[in-house]
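*Asks:* The numbering of the sequence shown is the working numbering, which starts it at 10 and goes up by one.
A single structure is presented below for examination.
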Amino acid sequence: MELEQILDFTLRLIKDAGKIPAEHFGNKLHIDFKGRHDLVTEYDKKTENFIVSKINETYPDHQIEGEEGTAKDGRGYKWIIDPIDGTTNFSHGNPVFAVSIGLQKDEELVLGAIYAPILNELFYASKNNGAFLNGKPIKVSEVKIVDEALMATGFNPRYSEENIPHFRHFLDASQGVRRLGAASLDMCNIAAGRLDGYWEYGLKAWDIAAGAIIIKEAGGDISGLKGEKLDLYSERMICSNGKIHEEMVEYFKKIL
Ligand code: IPD
Ligand code: CA
Ligand code: CA
10 MELEQILDFT LRLIKDAGKI PAEHFGNKLH IDFKGRHDLV TEYDKKTENF
60 IVSKINETYP DHQIEGEEGT AKDGRGYKWI IDPIDGTTNF SHGNPVFAVS
110 IGLQKDEELV LGAIYAPILN ELFYASKNNG AFLNGKPIKV SEVKIVDEAL
160 MATGFNPRYS EENIPHFRHF LDASQGVRRL GAASLDMCNI AAGRLDGYWE
210 YGLKAWDIAA GAIIIKEAGG DISGLKGEKL DLYSERMICS NGKIHEEMVE
260 YFKKIL
């Protein structure tokens with residue numbers, strides 16, 4: 010019951026939050042740089058501030074961690090927020106970006122919501138209740154071998170070199186490797202059966218918290234590169250439809 014109420018709150022919140030970048034989508038934006046190719050806009054910060062203020066109003070005791078600097082202590086529940094995942098896409102007028110909100114209870118993920126306002130796709134899941142896209146249940150694909158899979162990855166500048174050999178491998182081994190530019194949506198695409206496997210180095214907890222529970226609730230799997238239990242803070246992750254997971258893990262075990 011409590012989780013149901015929190016889910017209602019989160020879905021209303023994320024839809025309102027998504028309006029902030031959506032209203033400015035396609036406009037010429039002022040860009041600040043956190044690193045040479047690490048972009049941030051005023052809307053990343055505005056969206057995070059909006060989400061944090063609403064959580065604080067309703068759940069003042071909860072912990073909050075957000076990409077744009079929020080780090081609030083508390084007890085029990087912890088919100089993990091990426092206000093705009095795919096800022097580079099957003100800055101270029103590319104619609105593949107999303108607001109991502111995950112929730113842990115006692116360090117276990119219990120809820121996730123990811124909203125791509127321009128694509129008009131709202132993905133969400135809560136523990137033991139399945140995963141949904143715009144209110145309809147979703148599940149992972151039936152692809153059983155990498156040879157028949159459509160894969161995705163990403164290239165965090167700090168790990169580009171490290172990832173190139175893996176990119177090469179899966180380019181040859183699968184039907185294709187996509188690089189869409191928003192980790193949260195890569196994960197939603199796995200959950201919806203549009204992609205079969207995805208790995209990336211350098212992702213932070215806010216990139217993957219919401220997506221991790223959406224994938225699990227859609228029947229997929231998520232772990233460290235060698236199949237170990239997912240650590241949100243390890244910067245190494247693979248996820249899949251579950252059926253090709255072992256094959257991906259075997260590859261990484263052999264090469265690393
Ligand atoms: C980035 C995106 C991208 C991934 C990067 C992330 P941001 O998030 O998810 O797909 O490759 O590693 O940092 O910076 O747009 O929130
Ligand atoms: Ca992100
Ligand atoms: Ca972000």
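Glycine residues also receive a C-beta, built at the ideal position from the N, C-alpha and C atoms.
Everything numeric in this text was worked out from a predicted model, so none of it was measured.
I'd like to know if the segment 102 to 118 and the segment 190 to 200 are in contact, where contact means that at least 3 CB-CB pairs between them fall below 8 Å.
*Replies:* In short, these stretches touch, since the Cβ pair count reaches three.
*Asks:* Can the beta-carbon of Ala214 be found less than 8 Å from the beta-carbon of Glu74?
*Replies:* It is a contact, given that the beta carbons lie within the stated cut-off.
*Asks:* Just how far apart, CA to CA, sit Lys15 and Ser150?
*Replies:* Sequence check: residue 15 is Ile here, not Lys. Distance between the alpha carbons of Ile15 and Ser150 is about 29 Å.
*Asks:* Beta strand (DSSP E) containing Ile73: first to last residue?
*Replies:* Its beta strand (DSSP E) spans residues 72 to 75.
*Asks:* Following a CB-centred definition, is Ala192 positioned closer than 7 Å to any heavy atom of ligand 2?
*Replies:* Under cutoff, so the answer is yes.
*Asks:* To the nearest angstrom, report how far apart Glu266 and His39 are at their CA atoms.
*Replies:* With the chain covering 10 to 265 only, the question about residue 266 has no answer from this structure.
*Asks:* Looking at Leu159 and Arg187, is the spacing between their C-beta atoms short of 8 Å?
*Replies:* Closer than 8 Å, so yes.
*Asks:* Leaving out five residues before and five after Ser243 in sequence, what residues of the same chain have Cβ atoms less than 8 Å from its Cβ?
*Replies:* Once the five neighbours on either side are set aside, the close Cβ partners of Ser243 are Gly233.
*Asks:* Quick check: is any heavy atom of ligand 3 less than 7 Å from the C-beta of Asp94?
*Replies:* For ligand 3, at least one heavy atom lies less than 7 Å from the Cβ of Asp94.
*Asks:* For Asp205 versus Ser249, is the C-beta distance shorter than 8 Å?
*Replies:* Their beta carbons are under 8 Å apart, which means Asp205 touches Ser249 by this criterion.
*Asks:* Between which two residues does the beta strand (DSSP E) containing Asp156 stretch?
*Replies:* Neither: Asp156 is in no beta strand (DSSP E) and is coded neither H nor E.
*Asks:* Are the beta-carbon atoms belonging to Trp88 and Leu112 less than 8 Å from one another?
*Replies:* The answer is yes: Cβ separation under 8 Å.
*Asks:* For my contact list, Cys197 and Ile123 are in at a C-beta cut-off of 8 Å; report their separation, rounded to the angstrom.
*Replies:* Contact flag correct, Cβ pair sits at about 5 Å.
*Asks:* Tell me which same chain residues have a C-beta within less than 6 Å of the C-beta of Ile222, skipping the five on either side of it?
*Replies:* Result list for Ile222: Leu118, Gly121, Ala134, in chain order.
*Asks:* Glu77 and Asp47 - do their beta-carbons sit closer together than 8 Å?
*Replies:* Result no, Cβ atoms of Asp47 and Glu77 do not sit closer than 8 Å.
*Asks:* Please check the pair Phe261 and Lys235, which I expect to be a contact at CB under 8 Å, by giving their CB distance rounded to whole angstroms.
*Replies:* Correct: roughly 6 Å between the Cβ atoms.
*Asks:* Can you give me the C-alpha to C-alpha distance between Pro146 and Pro166, rounded to a whole angstrom?
*Replies:* Their Cα atoms are separated by approximately 35 Å.
*Asks:* Is the distance from the Cβ of Thr67 to the Cβ of Ile29 below 8 Å?
*Replies:* Not closer than 8 Å, so no.
*Asks:* Give the range of the beta strand (DSSP E) segment to which Val49 is assigned.
*Replies:* Segment 47 to 50, the beta strand (DSSP E) holding Val49.
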